[in-house]
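Student: Sharing a structure below in structure tokens format, with a few things to ask.
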Amino acid sequence: MYKLYQNYAYFLCILVLLCFICLDFHYSYGFEKIQSNNINKFQINGAGASFPFPLIDLWRTKYINVNPEINLNYQSIGSGGGIKQHIEKTIQFAATDVPLTKNEAKLAPNTLHIPETLGAIAVIYNIPEIPHKGLKLTGVNLAEIYMGEITMWNDPKIKIHNLEVDLPNEQIIPIRRSDSSGTTFIFTDYLSKLSNEFYIKVGAGKSVPLGNGVAVIGNEGVTNIVENTFYSIGYVELAYALQTNISFAYIENADQTNFVEPTIDSISSAASMMAYDMPHAYESWDGITITNSPGIESYPLSSFTYLIIYDDLYDVINSKEHAIGLANLFYWMLTEGQNYSKSLFYVPLPEEIVKLSITGIINLKYDGELLINDAKSPHYVDYNVPIWVKHVAQWWIDDMISDQEYIDNINYLLTNKIIK
Amino acid sequence: MYKNFRANLISDNTFKIIITVSAIYILIIVSLLITKLFFESYPIWHANGLSFIVNSDWNTIEGRESFGALPYILGTMITSAIAMAIAIPFSIGIAMFVSYTPQKLHVFLNFIIDLLASIPSIIYGLWGLIIFRPIFIKSVEIPIHDMLGKHVWLFSGIPMGLDIITASIVLSIMIIPTISSVSREIIKSVPIQQQEAAFMLGATEWEIFKLAIFPYSKAGLVGASILGLGRAVGETMAITMLIGNATGNFALPKSLFQAGQTMSSIIANEFIEAPPLSLHLSALIGIGLILLLFAICINIIAHILVIRMLKVQEGSINT
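For the protein sequence lines, the chains are A and B, in the order given. Taking my numbering, I'd label the letters of the first sequence as residues 34 to 453. Taking my numbering, I'd label the letters of the second sequence as residues 42 to 360.
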């Protein structure tokens, strides 16, 4: 009798062991597909970079008013994690600050890159003698500071651009990110473009072998340490610099004609100047960045952040209706969604880039069928819409004119063939 | 009567099955952990072999990859060692004080220690970064650096407060409650007769500790310290916020005022953004495997120490 139970016990144990192993394999090799269980209200799962998270989260809450059936769920687990899940097809889209590398693109073929919003890196500093923003620095200056070749604030190489201020005779303490991050990638990519020595010794990457100065975790960490350490310099996402009122530097533009302040206009200019050099969404984006973009008013430390998605959604979504919902959501993000950027210190995409992104979305397919076609969804064409149309729409929103008057206006547009 | 006996037998066996399954569950978890970590980190062992452990390069840029875990292993060892050196005397002092205070104060102090032990490490990290660090730079690091920095290698570097010594001190503050709350229980369990006997022989309070309490509770105190060491070795967030996070050759610990890196902090720093299926990712998982083996070794050594001490003090301990 006891023997019998003992056998049962062993059997049970082996069963539990098998279960564990199965579960383990199941999760590690991504056999499962995310199922949208509720037909009426379905979930779009995304994951990736933390940089666009506040914006995507705002979009989530705003899009409920546009299409209450879609429930957007975005986890800010880092670009690397997002790309991993994208490769394993456990999410429907990912967001990343750095485009897929060749190796990653091989693992996830037919991935579309859709620029979603713009950001920039601010170079922040704490010099008690210069409490205001606007210290002028060149990219080469920054490369040499971070490599430890410029060690003093009153180095002639910095002084020559800042004759109007009195730079102190103090040691520079460079602060950098310790955690791998898109921020570091954009910063080092810019420095590598400008300084060959930096490219050879350090290179561009999410975490780079830099030994000079101190590394701190997170944008908020770098901001905090620079705020509290005299004579330090650091780089953070622009939003952190703007929110904390810390002083930030003006960076020399690519043409070496001007020192540019990071503003919505200068970042937007950097993106639109590069718009015609950008590949199509379905092409390889390996190595594509908009740092050091030409133009007298272009801020050289600007960057896109991308949504990445398979061009055929068959493997990640279980019905065509849902895929169309996703395509429309993306379309909305790139058009109306852009209006929400400024409130969160993001830069709305310039028109050229929106066009580029939308050509990507038009390529979205479900089992070979295109999702956005001319008949069903608004197709992006270069209409020449008069500016008064926007005013009229605003009046209508503000209840200054009646519905009938608004419809009359639309009819006018139709009859005059401004739109069809 | 017979029925009752059968029922007892069944419940007995069910009980046996349940506890066997629970026990085997632990084995399964550990073995799965090790196999998984090994297979996921296999590319780095395949590429570098055991030299991964003794190399100190660290370059994650695609096309220039080279990985070595030595600086982080040393970083973990040194921060834990400094933290233990500070924490053990303090904790045993606290434990003794708490065990010999009047009841009311005793309850209050116990409550405080347990409260400290349950504070999440990120809170300690933030406290260390925002409050402790500026004070420590001003009152300790800068004076010592100015006095000795140029002559003694131990104090060279930039006194920034984001370095090995700051991280170690905050780490010791974190493990003091853990060690002292266990030590307190151990010291309390020393039979009162032992102490009374020593007292009767004319021993002073220090001598009571030395002659009656310490020999009796030695094994337990070692166990308590090892518990603290376990926490110190695995500690991640507070360390990451304070250690300065150097990588590669720059992270080889050379001075107390220099940025370092531990095994857990490099994983915390780089794991999230490590590209999938890359050598970088498997190097990080490899460090995870080393950390796990490290923890296992610490536990084995602790067991051996405890067993040895139990043997030495056979007469007085096995009560």
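All C-beta atoms, glycine included, are put in the ideal place defined by N, C-alpha and C.
So what does Arg209/A bridge to, in DSSP terms?
Tutor: Ala248/A
Student: Pair every Cβ in the region 124-141 of chain A with every Cβ in the region 335-342 of chain A, then say whether three or more of these pairs are closer than 8 Å.
Tutor: yes
Student: Going by other Cβ atoms of all chains shown within 10 Å of its Cβ, with 16 needed for buried, is Lys169/A buried or exposed?
Tutor: Lys169/A is buried by the Cβ-count criterion.
Student: Leaving aside the five residues before and after Tyr107/A along the sequence, list all residues of the same chain whose C-beta is less than 6 Å from its C-beta, in chain order.
Tutor: Gly79, Ile89
Student: Apply the 10 Å Cβ neighbour rule to Leu320/B and answer buried if 16 or more other Cβ atoms are within range, or exposed otherwise.
Tutor: buried
Student: Using the Cα positions of Arg349/B and Tyr257/B, report the straight-line distance between them to the nearest angstrom.
Tutor: Arg349/B and Tyr257/B: Cα-Cα distance of roughly 13 Å.
Student: When you compare the CB of Gly285/B with every CB in chain A, is at least one pair closer than 7 Å?
Tutor: For Gly285/B, the nearest beta carbon of chain A is closer than 7 Å to its own beta carbon.
Student: Let me confirm a value: Gln68/A is counted as buried when at least 16 other C-beta atoms fall within 10 Å, else exposed. Which label applies?
Tutor: Reliability of the predicted coordinates at Gln68/A is poor, the pLDDT of 43 falling under 50, and no value is obtained from them.
Student: Roughly how many angstroms separate the alpha carbons of Val414/A and Thr392/A, rounded to a whole number?
Tutor: Low confidence applies to Val414/A: its pLDDT is 45, below 50, so where it sits in the model is not reliable enough to give any reading.
Student: Please list the terminal residues of the continuous beta strand (DSSP E) segment that includes Phe126/A.
Tutor: 126-129
Student: Give the residues of chain B in contact with Gly114/A, contact being defined as C-beta atoms less than 7 Å apart.
Tutor: Those within 7 Å of Gly114/A in chain B are Ile313.
Student: For Met433/A, does the three-state DSSP call read helix, strand or coil?
Tutor: coil
Student: Per DSSP, which one or two residues make a beta bridge with Gln108/A?
Tutor: Among the bridge pairs identified by DSSP, Gln108/A is matched with Ala80/A.
Student: Mind checking who Asn100/B pairs with in its DSSP beta bridge?
Tutor: Ser107/B
Student: What are the boundary residues of the beta strand (DSSP E) that includes Asn159/A?
Tutor: That run of the beta strand (DSSP E) goes 144-159.
Student: Which residues bound the beta strand (DSSP E) around Thr217/A?
Tutor: First-last for Thr217/A: 215-227, but that is the alpha helix (DSSP H), not the beta strand (DSSP E).
Student: Skipping 5 residues on each side, what residues in its chain have a beta carbon closer than 8 Å to that of Ser107/B?
Tutor: Asn96, Asp98, Trp99, Asn100
Student: Taking Cβ-Cβ distances below 8 Å as the criterion, which residues of the region 266-291 of chain B are in contact with chain A?
Tutor: Thr281, Met282, Gly285, Asn286, Ala287, Thr288, Gly289, Asn290, Phe291
Student: How would you list, in chain order, the residues of chain A whose beta-carbon sits under 9 Å from the beta-carbon of Thr101/B?
Tutor: Within 9 Å Cβ-Cβ: Ser213, Gly238, Lys239, Ser240, Val241, Pro242.
Student: Can you pull the chain B residues whose beta carbon is under 8 Å from the beta carbon of Gly254/A, in chain order?
Tutor: Leu170, Met282
Student: Enumerate in chain order the residues of its own chain whose CB-to-CB distance from Leu271/A is below 6 Å, with the five nearest sequence positions on each side excluded.
Tutor: Ala153, Ala155, Pro295
Student: Please state the DSSP three-state secondary structure of Leu330/B.
Tutor: helix
Student: Do Ala300/B and Val247/A have their C-beta atoms within less than 7 Å of each other?
Tutor: Between Ala300/B and Val247/A, the C-beta gap is smaller than 7 Å, which places the two residues in contact.
Student: Using only alpha-carbon positions, find the residue among Arg47/B, Pro218/B, Thr303/B, Pro316/B that is nearest to Leu30/B.
Tutor: Outside the displayed span of chain B (42 to 360) sits residue 30/B, for which this structure offers no information.
Student: Using the Cα positions of Met137/B and Ile228/B, report the straight-line distance between them to the nearest angstrom.
Tutor: When the Cα atoms are used, Met137/B and Ile228/B turn out to be separated by approximately 7 Å.
Student: Using 7 Å as the threshold, is the C-beta distance between Gly269/B and Ile220/B below it?
Tutor: yes
Student: For a quick check, are the C-beta atoms of Glu197/A and Trp186/A less than 7 Å apart?
Tutor: no
Student: Among Asp436/A, His119/A, Thr217/A, whose alpha-carbon lies nearest the alpha-carbon of Glu311/B?
Tutor: Thr217/A
Student: What does the Cβ neighbour count give for Pro383/A, buried or exposed, with the cut at 16 atoms within 10 Å?
Tutor: Around the Cβ of Pro383/A, a 10 Å sphere holds 16 or more other Cβ atoms; the residue is buried.
Student: Have a look at Ile386/A and Glu253/A and give me their C-alpha separation to the nearest angstrom.
Tutor: 30 Å
Student: Nearest by alpha-carbon distance to Leu115/B: which of Ser306/B, Trp168/B, Ile337/B is it?
Tutor: Ser306/B
Student: Apart from the five residues on each side of it in sequence, which residues of its chain come closer than 7 Å, Cβ to Cβ, to Thr184/A?
Tutor: Contacts found: Gln204, Ile205.
Student: Which residues in chain D sit within 9 Å of Asn49/B, going by Cβ to Cβ distance?
Tutor: Looking at the structure shown, chain D is missing, and the protein chains on hand are A and B.
Student: On the three-state DSSP scale, how would you describe Gly271/B?
Tutor: helix
Student: Measuring CA to CA, which of Tyr379/A, Ile116/A, Glu121/A is closest to Pro132/A?
Tutor: Ile116/A
Student: For the ligand MG, is there a heavy atom less than 6 Å away from the beta-carbon of Ser326/A?
Tutor: This structure does not include the ligand MG; it has no bound ligands of any sort.
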